[in-house]
Amino acid sequence: MPSSMLRDVYITGTGAFLPGAPVGVETMEDFIGRIAGRSSAVGRRALRWNGVETRHYALTAEGRPLHSNASMTAEATKAALDDAGLSVGDLKHLATATTQGDYIVPGHASAVHAELGAGPIEIASYQSVCASALMAAKGAWLQVRAGEADVAAAAAGEFSSRWFRPEFYEGTTLIDAKGRARVEADFLRFTLSDGAGAVIMEPKPKPDGLSLKVEWIDLTSLAGRFDPCMWAGSTFADRADMKSAWSHAGPVAAHASGSVALVQDFELLKIVIRAWIGVWLEKVDLGRIVPDQVDHLLCHYSARSLREEIVSVLKSTAAMIPEEKWFSNLPTVGNIGAASIWVMLDEFMKSGRAKTGEKVLLIVPESGRAMVGFMMCEVV
Amino acid sequence: MADGARVDDQVADTLRKLAVVFADFEQRLEATPLIRKLTRGRFELADYQLFLINLRQQVKDGALWMSRAASNVGEAHLELRSTLMRHAVTEHRDFRLLEADFVCSGGEVEVIRSAPKNVGSEAISAWMFHEASKPDPFGLLGAMFIIEGLGSIKAAPWGRLVKERLNLPDEAVRFLLYHGENDAEHMQEFEEMLRMVLPDAAVAERIVMTAKVTARLYALQIEEIAA
């Protein structure tokens, strides 16, 4: 198709759903529970490192679920449709993103569609970690751009906390002789939490109020060069051998070997961070991103300290976007995986900071198996 | 003032391009069989000894090509010549440290001294001496960025992994462990060297190209280590 036949695409609505009341640092462990009844040895350190002050859990303090991942994602989608002045009946394409859906099969989009109660529509499930949000966004964007759909939603939800409950660790090799969880597993329990976010895309801006013209979305996977960095489904030792995955061992043996819980390799993470920076610098070098022309940067990052590490490299290579242009709500909502970028964008759009003509750059790095996504928008 | 800004722009541009080359280089290294063994917990003493044997020949050549490069730096850049000569002096005995590590890990010194270069080491050595033999071989700053970056970013984490996996004493891993100190200082010194030859579009381009070739040949050297 000649590019003249492609349509411009606008984000006409944003929405977020944060379950329950904000939970402070003091009580977070009540919600995810104490492994073998003992407080985590790394919890406080992880929270300081992450710079999170409050976050939300879709569990009660007793660990009972208040929502499902699908219901939260559906709520965020409805909020985004409402923000666009539309309703569920207007939706033609639903693209969803999550790290782990409520079911193993079928996909998250089916579950969210069911929760929305919409009539027959086209759906697509995107599954990875944080960057799956932009995979879904690119899908939705192309649907509208190519004229396949007039109203598309890119929605992302996470219900990480249920995976952090003690029963995912107790009785597995992730617990040492003293009954403590391995730090590679325990750290993540204090890194991720719950919620959902969504954006609506249409071929024209919203009649009143601000929209975002989506100029481009780029995703770069470097999985061909790295072992998994954050994963569930294999042990540490065998993670590069897909034939040893949990699905081959069967659920009981997989649980015992510690293959079911989410874990992260911190040494590899340091290398993956340099890889993300490499992709960013290359985009600056090629002129795809001109730092001086970016008015607002919304960069998803899991921890304040990671941001500091990235900033020093960017400064020496003239690829830095000044810190006063960075917008983040990590301290108040925490890291919500794939949902983070939309929850951040929703708060940004409602903060009154965006002015017509300004450029907004969204960046979502993902440690999973080394990926990073970029989305450039203009406020219209 | 305006000139200062122009220098800074080109230095930052060059550093950015070099950082992109280094990121690609690091990813290639991570995917080599030897480093995969190391990061996947399947590294054995024989792998470590092969690693040292294969590194030694190129490390030994390092100070030699740097000296040759220094001798080809013209009068207009005496400060750069001094810096290269100091570097060469600091590093020209490093291969002895490597030999000592090899012996401490249980190897025979004659084995490491007499081992031939692998295909990648031959290629990188030939390339370095060829470049160093040209007048004003400023492109080699790109090679230094790659090789010193490897020393300051990769060597120490590799050293810690080797030590942990093989349960070796510090004395057997000194070459890897003792790199990576003063990383910030190295970076600053490198920036100063860039300022001695920039702004100059052709030189900047040559520095980046030399970094690319060096990175590819260095990765080939590691790839060639039969793990």
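As they're listed, the protein sequences go chains A and B. According to our numbering, the stretch in the first sequence is residues 9 to 388, in order. According to our numbering, the stretch in the second sequence is residues 294 to 520, in order. Ideal Cβ positions, reconstructed from N, Cα and C, are used throughout, including at glycine.
**Item:** L461 of chain B versus T68 of chain A: straight-line alpha-carbon distance, rounded
**Value:** 49 Å
**Asked** Apart from the five residues on each side of it in sequence, which residues of its chain come closer than 8 Å, Cβ to Cβ, to G125 of chain A?
**Response** V96
**Message:** Given this structure, state the Cα-to-Cα distance separating M437 of chain B from H423 of chain B, to the nearest angstrom.
**Reply:** 15 Å
**Request:** Show which residues of chain B have a CB atom less than 8 Å away from the CB atom of I279 of chain A.
**Result:** E319 and E323
**Item:** Simplified DSSP state of V319 of chain A, which is helix, strand or coil
**Value:** helix
**Prompt:** So is E331 of chain A in contact with chain B if we call contact Cβ pairs under 8 Å?
**Reply:** no
**Prompt:** Name the residues in the region 332-362 of chain B whose C-beta lies less than 8 Å from a C-beta of chain A; which are they?
**Reply:** T332, R333 and G334
**Message:** Measuring alpha carbon to alpha carbon, tell me which residue in B:R333, B:F315 and B:T383 is nearest L357 of chain B.
**Reply:** B:T383
**Request:** Please work out which residues of its chain come closer than 7 Å, Cβ to Cβ, to R377 of chain A, disregarding the five sequence neighbours upstream and downstream, and give them in chain order.
**Result:** A231, F234, P236 and C237
**Prompt:** Skipping 5 residues on each side, what residues in its chain have a beta carbon closer than 7 Å to that of F431 of chain B?
**Reply:** V490, V496, R499 and I500
**Asked** Distance, Cα to Cα, A312 of chain B vs K186 of chain A?
**Response** 44 Å
**Item:** Cβ pair count under 8 Å reaching 3, the region 301-315 of chain B against the region 270-288 of chain A
**Value:** yes
**Asked** So, T20 of chain A versus K214 of chain A, is the Cβ gap smaller than 8 Å?
**Response** yes
**Whole alpha helix (DSSP H) elements within the region 384-418 of chain B, 4-residue minimum** = 387-397 and 402-407
**Message:** With H, G and I counted as helix, E and B as strand and the rest as coil, what does DSSP make of S310 of chain A?
**Reply:** coil
**Prompt:** Helix, strand or coil: how does DSSP classify K221 of chain A here?
**Reply:** strand
**Asked** Shorter than 8 Å from the beta carbon of P450 of chain B to some beta carbon of chain A?
**Response** yes
**Asked** Which ranges would you report for the beta strand (DSSP E) in the region 106-159 of chain A if only whole runs of at least 3 residues count?
**Response** 130-135
**Message:** Distance cutoff 8 Å, beta carbons only. Does L182 of chain A sit that close to anything in chain B?
**Reply:** no
**Message:** I'd like to know if E123 of chain A contacts chain B, where contact means its C-beta is closer than 8 Å to some C-beta of that chain.
**Reply:** no
**Item:** Residue burial classification, T364 of chain A (beta-carbon count within 10 angstroms, cutoff 16)
**Value:** exposed
**Request:** Taking all protein chains shown into account, decide if L294 of chain A is buried (16 or more other Cβ within 10 angstroms of its Cβ) or exposed.
**Result:** exposed
**Prompt:** For T227 of chain A, which of helix, strand or coil comes out of DSSP?
**Reply:** At residue 227 of chain A the sequence reads Leu, which differs from the Thr that was named. Here L227 of chain A sits in strand by DSSP.
**Message:** Which same chain residues end up closer than 7 Å to W254 of chain A when comparing Cβ atoms and leaving out the 5 residues on each side of it in sequence?
**Reply:** G241, S242, A262, S267 and V268
**Item:** Secondary structure of P326 of chain B, DSSP reduced to three states
**Value:** helix
**Asked** Which term fits T22 of chain A, buried or exposed, when burial requires 16 or more other beta carbons within 10 angstroms of its beta carbon?
**Response** buried
**Message:** Between M294 of chain B and chain A, is the shortest Cβ-Cβ distance under 8 Å, so that the two count as touching?
**Reply:** Note that M294 of chain B has pLDDT 38, beneath the 50 cutoff, so the model's placement of it is unreliable and the number below is only indicative. Chain A, which has no Cβ nearer than 8 Å to the Cβ of M294 of chain B, makes this no.
**Message:** Relative to the C-alpha of L150 of chain A, which candidate in A:G179, A:A163, A:T180 and A:H101 has its C-alpha closest?
**Reply:** A:H101
**Request:** Leaving aside the five residues before and after A257 of chain A along the sequence, list all residues of the same chain whose C-beta is less than 7 Å from its C-beta, in chain order.
**Result:** S265 and S267
**Item:** Where the region 301-327 of chain A meets chain B: residues whose CB sits under 8 Å from a CB there
**Value:** V321, S324, T325, A326 and A327
**Message:** So with CB distances below 7 Å, who are the chain B contacts of D293 of chain A?
**Reply:** R309, K310 and V313
**Asked** For the alpha helix (DSSP H) that P213 of chain A lies in, which residues bound it at each end?
**Response** Per DSSP, P213 of chain A belongs to no alpha helix (DSSP H) and is neither H nor E.
**Item:** Helix, strand or coil at A66 of chain A [DSSP, three-state]
**Value:** coil
**Asked** Going straight from the alpha carbon of M480 of chain B to that of P211 of chain A, what length do you get?
**Response** 48 Å
**Message:** List, in chain order, every chain A residue whose beta-carbon is nearer than 9 Å to that of D306 of chain B.
**Reply:** D293, T325 and A326
**Message:** Please return the same chain residues whose Cβ sits closer than 8 Å to the Cβ of L308 of chain B, not counting the five positions on each side in sequence.
**Reply:** E484 and L487
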